[in-house]
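Below is one structure, written out as structure tokens; comments come after it.
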Amino acid sequence: MDTPPSPWRPPLLWRAAQLFARLLVALVARLRVTGDVPETLRRGPLILAANHLSPFDPIVLAAACQTRGVAPRIMATAGLFRAPVIGAAMRHAGHIRVDRGTAAVGRALDAAAVAATDSVVLVYPEGRIGLDPGLWPERGKTGTARLAFASGVPVVPVAQWGSHEVLPYQAPRGMLGGLVRAVRRRPVIRVHFGAPVHLADLDPAGAGAARRATDRIIDAITETLVPLRPDEPDRPRHVDPSRPVDTSRAHRRLDRPG
């Protein structure tokens with residue numbers, strides 16, 4: 017009888033990096049994490065789908081996941097993997113390279129589908145730092161839905177709010193000033209782990225299934241985000257002048273503010 021594969025074990029380097037992320041976040045902000053990941057899913061198989069606000073997001077989510085005993089493998093842009101030191105560390109930690117805009121991008125989805133079956137994979141369904149003027153989640157790319165269909169594992173929405181007050185959109189340009197302001201102000205960064213998204217009724221082979229699943233995932237992230245910003249229902253108080261605005265990918269819900 018075949019035995020099921022053992023869950024992926026995060027390298028010591030990645031676990032140490034998560035602890036460092038908690039310390040770094042604590043220096044510049046006040047982290048508040050709510051919600052949870054079911055204990056049976058903390059080592060996978062699982063997909064975490066998060067909104068994308070700022071270049072500071074990976075550090076925030078690494079810290080938030082550490083508080084819940086989760087060491088996710090992150091789907092990250094290929095540029096990070098090409099960096100001399102960071103790239104080697106990313107590869108060693110088991111993160112997944114995404115070559116956006118190239119023919120190789122499909123390989124990232126295949127690698128993530130395999131990784132998701134025995135570990136936790138963290139993805140940004142929007143595919144970029146959001147440019148919605150209200151900083152609400154944008155209309156998502158279908159990659160996360162296709163990943164969920166290919167791996168057959170649960171998708172848990174993760175909403176975050178406040179990381180945009182630490183680093184500007186154009187970081188590393190303006191990064192030093194942003195960090196200095198954050199140390200002085202110590203903004204609150206909130207992260208909430210939501211309930212798994214229901215996708216079981218969708219036939220992956222059906223026409224439009226990936227788009228419907230994507231919309232459900234973005235809806236779930238939006239619903240999870242609403243309680244994190246009750247006093248900023250339309251536009252954020254903190255406005256980053258370096259962030260462009262793009263409404264072409266707006267994702268609207270009838271019950272969504274704004």
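Converting from the sequence shown to this note's numbering requires adding 16 to each position, the first position being numbered 1.
Built from N, CA and C at the ideal position, the CB exists for glycine as well.
Where residue i sits in the DSSP three-state scheme
{"i": "Gly95", "result": "helix"}
{"i": "Ala294", "result": "Residue 294 lies beyond the stretch modelled for the chain, which goes from 17 to 274, so this question has no answer here."}
{"i": "Glu248", "result": "coil"}
{"i": "Thr263", "result": "coil"}
{"i": "Val207", "result": "strand"}
{"i": "Leu125", "result": "helix"}
{"i": "Thr56", "result": "helix"}
{"i": "Arg113", "result": "strand"}
Counted within 10 angstroms of its Cβ, other Cβ atoms place residue i as buried (16 or more) or exposed
{"i": "Val255", "result": "exposed"}
{"i": "His180", "result": "buried"}
{"i": "Thr160", "result": "buried"}
{"i": "Arg189", "result": "exposed"}
{"i": "Ala42", "result": "exposed"}
{"i": "Pro88", "result": "buried"}
{"i": "Thr56", "result": "exposed"}
{"i": "Val261", "result": "exposed"}
{"i": "Pro170", "result": "buried"}
Sub-7 Å separation of residue i and residue j beta-carbons
{"i": "Gly178", "j": "Val213", "result": "no"}
{"i": "Tyr185", "j": "Arg259", "result": "yes"}
{"i": "Leu215", "j": "Ala229", "result": "yes"}
{"i": "Val174", "j": "Ala79", "result": "no"}
{"i": "Arg113", "j": "Phe97", "result": "yes"}
Range of the contiguous alpha helix (DSSP H) that encloses residue i
{"i": "Val197", "result": "Checking the displayed sequence, the identity of residue 197 turns out to be Arg instead of Val. First-last of the alpha helix (DSSP H) with Arg197: Met191 to Arg201."}
{"i": "Pro74", "result": "Asp73 to Thr83"}
{"i": "His267", "result": "No alpha helix (DSSP H) contains His267, which DSSP labels as neither H nor E."}
{"i": "Val44", "result": "Leu28 to Val44"}
{"i": "Ala161", "result": "Gly159 to Ser167"}
{"i": "Ala187", "result": "Run containing Ala187: none; DSSP gives neither H nor E here."}
Span of the beta strand (DSSP E), counted from its first residue to its last, around residue i
{"i": "Ile145", "result": "That residue, Ile145, is in no beta strand (DSSP E); it is neither H nor E in DSSP."}
{"i": "Ala105", "result": "Taken as a continuous stretch (DSSP letters only), Ala105 belongs to no beta strand (DSSP E), being part of the alpha helix (DSSP H) at Ile102 to His108."}
{"i": "Arg25", "result": "Per DSSP, Arg25 belongs to no beta strand (DSSP E) and is neither H nor E."}
Bridge partner(s) assigned by DSSP for residue i
{"i": "Leu138", "result": "Leu64 and Ile90"}
{"i": "Glu154", "result": "Ala266"}
{"i": "Val171", "result": "Ile63"}
{"i": "Leu47", "result": "Ile205"}
Within-7 Å CB hit, residue i to chain D
{"i": "Pro257", "result": "Although the question refers to chain D, the structure presented lacks it and comprises just one protein chain."}
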